Amino acid sequence: MPQLIPCGYITFLGAREGVGKTTLLTGLAWQMTRPACGEFIGRPVPRGPVIYLNTDAADGQSRPVRFWLEQHRATFPDGDMNGVTVLENTGAGLTPVEFKELLTLAEAKQARCIIIDSFMGTFPGIDGNKLDAVMLPMLALRDFAARTGAAVIVTDHLPKKAAGEKEGDRGIMGSTGKTAQARAVHLLTRVPPKEVDGRDVLRWEVRKASFSKSGYTLGLEIERTFDEQDAAVSVQLKPYDLPEEEGQDKRGSRATAAVLAHLERSSGATVPYAELVGLAIQCSNLRDRAAREAVSRALGLIWDRIEEVKQPGRGAPKAYRLKVTPGADLFTVGQDPDQDTLLPSLPDLPGLELVGASEEVEVLTW
1 MPQLIPCGYI TFLGAREGVG KTTLLTGLAW QMTRPACGEF IGRPVPRGPV IYLNTDAADG
61 QSRPVRFWLE QHRATFPDGD MNGVTVLENT GAGLTPVEFK ELLTLAEAKQ ARCIIIDSFM
121 GTFPGIDGNK LDAVMLPMLA LRDFAARTGA AVIVTDHLPK KAAGEKEGDR GIMGSTGKTA
181 QARAVHLLTR VPPKEVDGRD VLRWEVRKAS FSKSGYTLGL EIERTFDEQD AAVSVQLKPY
241 DLPEEEGQDK RGSRATAAVL AHLERSSGAT VPYAELVGLA IQCSNLRDRA AREAVSRALG
301 LIWDRIEEVK QPGRGAPKAY RLKVTPGADL FTVGQDPDQD TLLPSLPDLP GLELVGASEE
361 VEVLTW
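Going left to right, the sequence shown walks through residues 1 to 366 as full-length UniProt numbering numbers them.
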């Protein structure tokens, strides 16, 4: 699904715990194992090998991941369980050696999709709120995606909402440096059952999509089948028409997305505040006050990557520019293979066997 999850780049999927990230991603993985073209939320998906790395809820056997794969197989029995390689380590994140082995395995299997569940579980030793702390693992993941050419999906958590906020208003937990390095960012929240006739419906917000439209929402229903003992036997993910107030493409959201995109394209150049307000008015036909609110939301989303500049002139008009981060330029897929990268090539290995980290093993804390 290049418009939602591009190959060769990082895609973030953020949600609170228990919302349904594993259900959703195992559904995508299973559809990619079907002999013909699979389907995911009404969109065709290509067939190809999938690697699912579980570091978020490790139990030594990946039972949650395998449980949901079995549930999806019950609905679509033509899939192939051998098409999904499930990996897990029970230690504190991945060691550098294990991370390089993951690259070797992905290249050997020619994986088309690699799911890393989750960022926090894979890199537990970093402070996710600090831009300089998250940049090295993000650059490594970006290089990993480019080297493999696969769609790399990284799950992450959403911060607990504050008073007056909606779930997901502040985006992915921690520094916006994470979302800046991703080419797509999606947020998953649960729609209150009373608004959807008691159904289990998820709201999928396309917060960022570098290669297609963003700032809109999709509805996804999780439909389960139970046996006589109320044990779940199968699951199916189906598109769902959200209530109008949930699914509409609001003008303010479009304006905020346009301002963010404009700042990203500025490449560190100074952008006057008046220019941002004018852009919000032009792209979404907003009044001045609503446009200023849209600009404020955009600046708040990237607060740790933006700096205010006072310009000469009457009233010292404000302007903004992105902070320059070394190595943060857009990575180009298909770069010179002789160029130095963060993850050097390793000899082919028979397979990846992740082991629990001990006190003697170096843990990948960057």
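Glycine residues also receive a C-beta, built at the ideal position from the N, C-alpha and C atoms. Given the structure is predicted, the values throughout are model-derived calculations rather than measurements.
Flag this pair as yes or no: are the beta carbons of residue i and residue j separated by less than 8 Å?
i: P239; j: G219; result: yes
i: V271; j: V295; result: no
i: L322; j: S266; result: yes
i: Q31; j: G38; result: yes
i: T75; j: V235; result: yes
i: G174; j: T189; result: no
i: P124; j: E195; result: no
i: T176; j: D304; result: yes
i: R251; j: S212; result: no
i: I153; j: A106; result: no
i: S210; j: R254; result: no
i: R34; j: G79; result: yes
i: L158; j: G8; result: no
i: A280; j: A258; result: yes
i: D132; j: D56; result: no
i: Y62; j: E101; result: Rather than Tyr, the amino acid found at residue 62 in this sequence is Ser. Going by C-beta atoms, S62 is not nearer than 8 Å to E101.
i: Q311; j: A298; result: no
i: R224; j: A232; result: yes
My output table needs one value for residue i: the three-state DSSP class, helix, strand or coil.
i: I10; result: strand
i: D156; result: strand
i: C283; result: helix
i: Q236; result: strand
i: A151; result: strand
i: E308; result: strand
i: D117; result: strand
i: V19; result: coil
i: E39; result: strand
i: residue 367; result: The shown model of the chain, from 1 to 366, leaves out residue 367, and the question about it has no answer.
i: E88; result: strand
i: A316; result: coil
i: P137; result: helix
i: R254; result: helix
i: L53; result: strand
i: R170; result: coil
i: R292; result: helix
i: L103; result: helix
Please determine, among the options, the residue with the shortest C-alpha to C-alpha distance to residue i.
i: P6; options: A290, V185 and E264; result: V185
i: P49; options: R314, V152, M173 and A111; result: A111
i: D16; options: R251, L286, V45 and K166; result: A small correction: the amino acid at residue 16 is Arg; Asp does not occupy that position in the sequence shown. With distances taken between Cα atoms, R16 lies closest to K166.
i: V84; options: I281, T104 and K109; result: K109
i: E221; options: P2, G20, I10 and M1; result: G20
i: L53; options: C113, E308 and R170; result: C113
i: L308; options: Q282, G268, R289 and L286; result: Residue identity differs from the one stated: residue 308 is Glu in this sequence, not Leu. E308 has its Cα closest to that of G268, out of Q282, G268, R289 and L286.
i: T23; options: R47, P44, G93 and Q71; result: Q71
i: D197; options: T217, L136 and D241; result: D241
i: I172; options: F119, A145 and W68; result: F119
i: M138; options: P77, N82, K160 and Q181; result: Q181
i: L237; options: L94, L28, P2 and E228; result: L28
Just confirm the distance between the C-beta atoms of residue i and residue j, as a whole number of angstroms; I'd bet it's less than 8 Å.
i: V97; j: V65; result: Not really, about 23 Å apart at Cβ, beyond 8 Å.
i: D156; j: F12; result: 6 Å
i: L4; j: V206; result: 7 Å
i: L103; j: R147; result: 6 Å
Inset, instruction - Just list the beta strand (DSSP E) runs in the segment 202-231, keeping only unbroken ones of 3 residues or longer that don't cross its boundaries, in chain order. - result: 216-226
Inset, instruction - Just list the alpha helix (DSSP H) runs in the segment 60-84, keeping only unbroken ones of 4 residues or longer that don't cross its boundaries, in chain order. - result: 63-75
Inset, instruction - Output the residue ranges of the beta strand (DSSP E) runs that lie fully inside the segment 178-202 and measure 3 residues or longer, sorted by chain position. - result: 184-190
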